[in-house]
């Protein structure tokens, strides 16, 4: 990855490794995510975490079937 804007190959979109410029210096392209981008990312993250929890819970119950320690 070259770290340059496609149409304006001499422009740099990043100020630092963790901070982007708001617009391209050469062509004025706005570096902004689509509306709802983070909502979709959060939904995927929650779904993956819930699936892992469910699988680990069922696996733990199945591995300890004869003596399920419901209380400590």
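In the numbering used here, the protein residues as written are 21 to 92.
Using N, Cα and C, we set each Cβ at its ideal position, and we do this for glycine too.
Review point. The alpha helix (DSSP H) with residue 59 in it runs from where to where?
Key: Looking at the DSSP string, the run of the alpha helix (DSSP H) that includes residue 59 is 57–83.
Review point. Helix, strand or coil: how does DSSP classify residue 43 here?
Key: When secondary structure is reduced to three states using DSSP, residue 43 falls in the strand class.
**Study point:** Coarse secondary structure for residue 51, derived from DSSP in three states
**Key:** Taken through DSSP and simplified to helix, strand or coil, residue 51 comes out as coil.
Review point. Quick one: what does DSSP say residue 34 is sitting in, helix, strand or coil?
Key: Strand at residue 34.
**Study point:** Own chain residues within Cβ distance below 6 Å of residue 50, not counting five before or after
**Key:** These residues qualify, in order along the chain: 43.
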